[in-house]
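Please read the structure below before turning to the comments.
There are 2 protein chains.
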Amino acid sequence: MTVSKSAEKSSEKPGEATKGRKDAPEGLPEALQLGELSEQLGYVLKRAQLKVFENFLRCMASLQLTPAQFSVLLLVEKNPGRNQTEIASTLGILRPNFVAMLDNLESRDLCARIRSTNDRRSHILVLTDKGKAVLTRAKKLVATKHESRLNELLGQANRQALLDMLSKIANEF
Amino acid sequence: MTVSKSAEKSSEKPGEATKGRKDAPEGLPEALQLGELSEQLGYVLKRAQLKVFENFLRCMASLQLTPAQFSVLLLVEKNPGRNQTEIASTLGILRPNFVAMLDNLESRDLCARIRSTNDRRSHILVLTDKGKAVLTRAKKLVATKHESRLNELLGQANRQALLDMLSKIANEF
DNA sequence: GATATTTGATATGGTCAATAACAATTATCA
DNA sequence: TGATAATTGTTATTGACCATATCAAATATC
Numbered sequence: 202m203t204v205s206k207s208a209e210k211s212s213e214k215p216g217e218a219t220k221g222r223k224d225a226p227e228g229l230p231e232a233l234q235l236g237e238l239s240e241q242l243g244y245v246l247k248r249a250q251l252k253v254f255e256n257f258l259r260c261m262a263s264l265q266l267t268p269a270q271f272s273v274l275l276l277v278e279k280n281p282g283r284n285q286t287e288i289a290s291t292l293g294i295l296r297p298n299f300v301a302m303l304d305n306l307e308s309r310d311l312c313a314r315i316r317s318t319n320d321r322r323s324h325i326l327v328l329t330d331k332g333k334a335v336l337t338r339a340k341k342l343v344a345t346k347h348e349s350r351l352n353e354l355l356g357q358a359n360r361q362a363l364l365d366m367l368s369k370i371a372n373e374f
Numbered sequence: 202m203t204v205s206k207s208a209e210k211s212s213e214k215p216g217e218a219t220k221g222r223k224d225a226p227e228g229l230p231e232a233l234q235l236g237e238l239s240e241q242l243g244y245v246l247k248r249a250q251l252k253v254f255e256n257f258l259r260c261m262a263s264l265q266l267t268p269a270q271f272s273v274l275l276l277v278e279k280n281p282g283r284n285q286t287e288i289a290s291t292l293g294i295l296r297p298n299f300v301a302m303l304d305n306l307e308s309r310d311l312c313a314r315i316r317s318t319n320d321r322r323s324h325i326l327v328l329t330d331k332g333k334a335v336l337t338r339a340k341k342l343v344a345t346k347h348e349s350r351l352n353e354l355l356g357q358a359n360r361q362a363l364l365d366m367l368s369k370i371a372n373e374f
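Protein sequences appear in the order of chains W and D. Converting from the first sequence to this note's numbering requires adding 201 to each position, the first position being numbered 1. Converting from the second sequence to this note's numbering requires adding 201 to each position, the first position being numbered 1.
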């Protein structure tokens, strides 16, 4: 479906290349017709997702947390004592790609790897005190500046209906 | 929020590293708690989007069309006579990245670049006969195998409500 | 007519997803 | 018990996208 994250700085000047096409009143910047595209689930889903992530990043700018990093912190907090493989696979992250991500979070002292005494192959993941504090602030920012916009936009009831439908798609499609 | 397209081949064996934690009945593969994650808009949105794209690719396997390619064909069909910049920017694709994409579609004889006589800088985009035929088949596949699953899953009314909410997010968030 | 802008294109760098392979450790089981 | 298989974290590497700078040709502007 295509939809990139570009900042859309383009100065919106269509129409020249087809001057006079279909006897247009001349000078009117004819907008493209999306047509069936606006009814395509994937297209609309992708555009919405990009907008949401974009907004998330803005809201979290002060904490420098990406959606992925936020999800890791949330999951580690909710499931203390789990190892890298468990956390990663739950989030759909492949183990190799999770390494650099953890390196980042650990270097910022947000979480820590602890060698398990039960299985010395694995690293138990825990949040540091700073990690807990940052996550607390992050949750507030998300609730206040991010998720709140959904309620403004859709209303509480519709917001929940949307999340339920998306979950259903994510789990059963 | 993280969520990759991995095939999820992992054999689901958590629990060992925290044997005996919280007096578990021993041997039960304790699943991780998603917690607040399942209420995060971005997380659910991303997971749903990945599932939908995945399904789209399966449905279009016989035509070898990606979501992005399908959206280009749809838009070119609906807006014949537009140039690369117009089509690309409408889809949120940056012009440099659109070149290779068009090279691909053109090499498969699905669309063609035509030098505009009005403005010899620009390339007018049109679907070839083969492109039109392929798009027609693609639409049928999408309607039959892809979008239809949404109705099965949500019902017609909810499906439309979902699309409306996603469009609203995409446009107003 | 000189200068600026636009269009398609190339080159390039960054991020993210995916696979293969490896050492250390643990599990399996003959 | 001991040989073999499997698992964990890791590295290396590849490919798909996204983004920026830059360029030549063509056009617009003044």
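The beta-carbon is built from N, C-alpha and C at its ideal position, and this holds for glycine as well. Since the model is a prediction, treat every value here as computed from it, not as a measurement.
(request) Run the CB neighbour count on asparagine 372(W), radius 10 Å, all protein chains shown included, and call it buried at 16 or more, exposed below. (result) The residue labelled residue 372(W) in the question sits at position 171 within the first sequence. Counting Cβ neighbours within 10 Å, asparagine 372(W) comes out exposed, since fewer than 16 surround it.
(request) Please state if the CB of leucine 275(D) and the CB of leucine 238(W) are separated by a distance shorter than 7 Å. (result) Your numbering for residue 238(W) matches position 37 in the first sequence. Your numbering for residue 275(D) matches position 74 in the second sequence. Cβ distance < 7 Å, so leucine 238(W) and leucine 275(D) count as in contact.
(request) Quick one: list the residues of chain W neighbouring methionine 366(D), beta-carbon separation under 7 Å, in chain order. (result) Sequence index remark: in the second sequence, residue 366(D) carries index 165 (1-based). What methionine 366(D) touches in chain W: Leu355, Asn359, Leu363.
(message) Quick check: is the beta carbon of asparagine 280(W) nearer than 7 Å to any beta carbon in chain D?
(response) Indexing the first sequence from 1 puts residue 280(W) at position 79. By the rule that beta-carbons nearer than 7 Å mark a contact, asparagine 280(W) touches chain D.
(request) Output the boundary residues of the beta strand (DSSP E) element that contains leucine 336(D). (result) Walking along the second sequence from the start, residue 336(D) turns up at place 135. Not the beta strand (DSSP E): leucine 336(D) falls in the alpha helix (DSSP H), residues 330-342.
(request) Using beta-carbon positions only, say whether phenylalanine 271(D) and alanine 339(D) come within less than 7 Å of one another. (result) Working through the second sequence from its first residue, we reach residue 271(D) at position 70. Working through the second sequence from its first residue, we reach residue 339(D) at position 138. Yes. Within cutoff.
(message) Could you tell me the alpha carbon to alpha carbon distance between valine 245(D) and arginine 321(D), rounded to whole angstroms?
(response) Position 44 of the second sequence, counted from the start, is the residue given in the question as residue 245(D). Position 120 of the second sequence, counted from the start, is the residue given in the question as residue 321(D). Cα-Cα distance, rounded: 46 Å.
(request) Could you tell me the distance, in whole angstroms, from the CA atom of arginine 222(D) to the CA atom of valine 277(W)? (result) Here residue 222(D) refers to the residue found at position 21 of the second sequence. Here residue 277(W) refers to the residue found at position 76 of the first sequence. Its pLDDT being 37, under 50, arginine 222(D) is placed unreliably in this model, and the coordinates cannot settle the point.
(request) Measure the C-alpha to C-alpha separation of leucine 336(D) and proline 268(D) and round it to an integer number of angstroms. (result) The residue labelled residue 336(D) in the question sits at position 135 within the second sequence. The residue labelled residue 268(D) in the question sits at position 67 within the second sequence. CA-CA distance, leucine 336(D) to proline 268(D), rounds to 12 Å.
(message) Just to confirm my understanding: we take valine 204(W), look at its own chain, exclude 5 residues before and 5 after, and list those with CB closer than 8 Å. What are they?
(response) Here residue 204(W) refers to the residue found at position 3 when the first sequence is read from its first residue. So the qualifying residues of the chain are Tyr244, Lys247, Arg248, Leu251.
(request) Give the DSSP-derived three-state secondary structure of leucine 326(D) in the structure shown. (result) Your numbering for residue 326(D) matches position 125 in the second sequence. Residue state, collapsed to three classes: strand.
(message) Can you give me the C-alpha to C-alpha distance between glutamine 361(W) and valine 327(D), rounded to a whole angstrom?
(response) If you number the first sequence from 1, residue 361(W) lands on position 160. If you number the second sequence from 1, residue 327(D) lands on position 126. The straight-line gap from Cα to Cα measures roughly 42 Å.
(request) Compute the distance between the beta-carbons of cysteine 260(W) and leucine 363(W), then report whether it is under 7 Å. (result) Translated into the one-based positions of the first sequence, residue 260(W) becomes position 59. Translated into the one-based positions of the first sequence, residue 363(W) becomes position 162. No; because the gap between Cβ atoms is not below 7 Å, this pair is not in contact.
(request) Let me know if glutamine 285(D) comes out buried or exposed under the rule of 16 or more other beta-carbons within 10 Å of its beta-carbon. (result) As a position in the second sequence, residue 285(D) is number 84, starting the count at 1. When all chains shown are included, glutamine 285(D) counts as buried.
(request) List the DSSP bridge partners of alanine 313(W). (result) The residue given as residue 313(W) occupies position 112 in the first sequence. Bridge partners of alanine 313(W): Val327(W).
(request) Tell me whether threonine 372(W) sits in a helix, a strand or coil according to DSSP, three-state version. (result) Counting from 1 along the first sequence, the entry for residue 372(W) is found at position 171. For the sequence presented, residue 372(W) should be read as asparagine rather than threonine. Of the three classes helix, strand and coil, the one that applies to asparagine 372(W) here is helix, per DSSP.
(message) Can you check whether the C-beta of glutamine 265(D) is within less than 7 Å of a C-beta belonging to chain W?
(response) Here residue 265(D) is taken as the residue at index 64 of the second sequence, counted from 1. Output row for glutamine 265(D): interface = no.
(request) Would you check if the distance between the CB atom of aspartate 310(D) and the CB atom of lysine 331(D) is smaller than 7 Å? (result) Residue 310(D) sits at position 109 when you count from the first residue of the second sequence. Residue 331(D) sits at position 130 when you count from the first residue of the second sequence. It is a contact, given that the beta carbons lie within the stated cut-off.
(request) Confirm, please, whether the CB-CB distance from glutamine 234(D) to lysine 279(W) is below 7 Å. (result) Counted from its first residue, the first sequence places residue 279(W) at position 78. Counted from its first residue, the second sequence places residue 234(D) at position 33. A contact, by the Cβ cut-off of 7 Å.
(request) Tell me, please, whether the CB atom of isoleucine 315(D) is closer than 7 Å to any CB atom in chain W? (result) Here the question's residue 315(D) lines up with position 114 in the second sequence. For isoleucine 315(D), the answer is no, since every Cβ of chain W falls outside 7 Å of its Cβ.
(message) Taking CB distances under 7 Å as the criterion, tell me whether glycine 243(D) reaches chain W.
(response) Here residue 243(D) refers to the residue found at position 42 of the second sequence. By this cut-off, glycine 243(D) is an interface position.
(message) What does the Cβ neighbour count give for glutamate 227(D), buried or exposed, with the cut at 16 atoms within 10 Å?
(response) Here residue 227(D) refers to the residue found at position 26 of the second sequence. With a pLDDT of only 41 at glutamate 227(D), under 50, the local geometry of the prediction cannot be trusted, and the value read off the model is given with reservation. So glutamate 227(D) ends up on the exposed side.
(request) Give every residue of the same chain whose Cβ lies closer than 8 Å to the Cβ of leucine 351(D), excluding the five residues on either side of it in the sequence, and list them in chain order. (result) As a working note, residue 351(D) is residue 150 in the second sequence. Excluding residues within five positions, the ones whose Cβ falls inside 8 Å are Arg360, Leu363.
(message) According to DSSP, cysteine 284(W) sits in a beta bridge with which residue or residues?
(response) The residue given as residue 284(W) occupies position 83 in the first sequence. The question names cysteine, yet the displayed sequence has asparagine at residue 284(W). Asparagine 284(W) is bridged to Ile325(W).
(message) Cutting at 6 Å between CB atoms, please list the residues of its own chain near serine 349(D), excluding the five before and the five after it.
(response) Walking along the second sequence from the start, residue 349(D) turns up at place 148. Here the set comprises nothing.
(message) Classify threonine 291(D): buried if its beta carbon has 16 or more other beta carbons within 10 angstroms, exposed otherwise.
(response) Indexing the second sequence from 1 puts residue 291(D) at position 90. Note on threonine 291(D): 16 or more other CB atoms within 10 angstroms of its CB, so buried under the neighbour-count rule.
(message) Does the distance between the C-beta of threonine 286(W) and the nearest non-hydrogen atom of the ligand PLP fall short of 6 Å?
(response) Absence of the ligand PLP is noted for the structure shown, with no ligands found whatsoever.
(message) Give me the residue from Ala344(D), Ala358(D), Glu353(D), Leu367(D) with the minimum Cα distance to phenylalanine 376(D).
(response) Because residue 376(D) is not part of the residues shown, which for chain D are 202 to 374, the question remains open.
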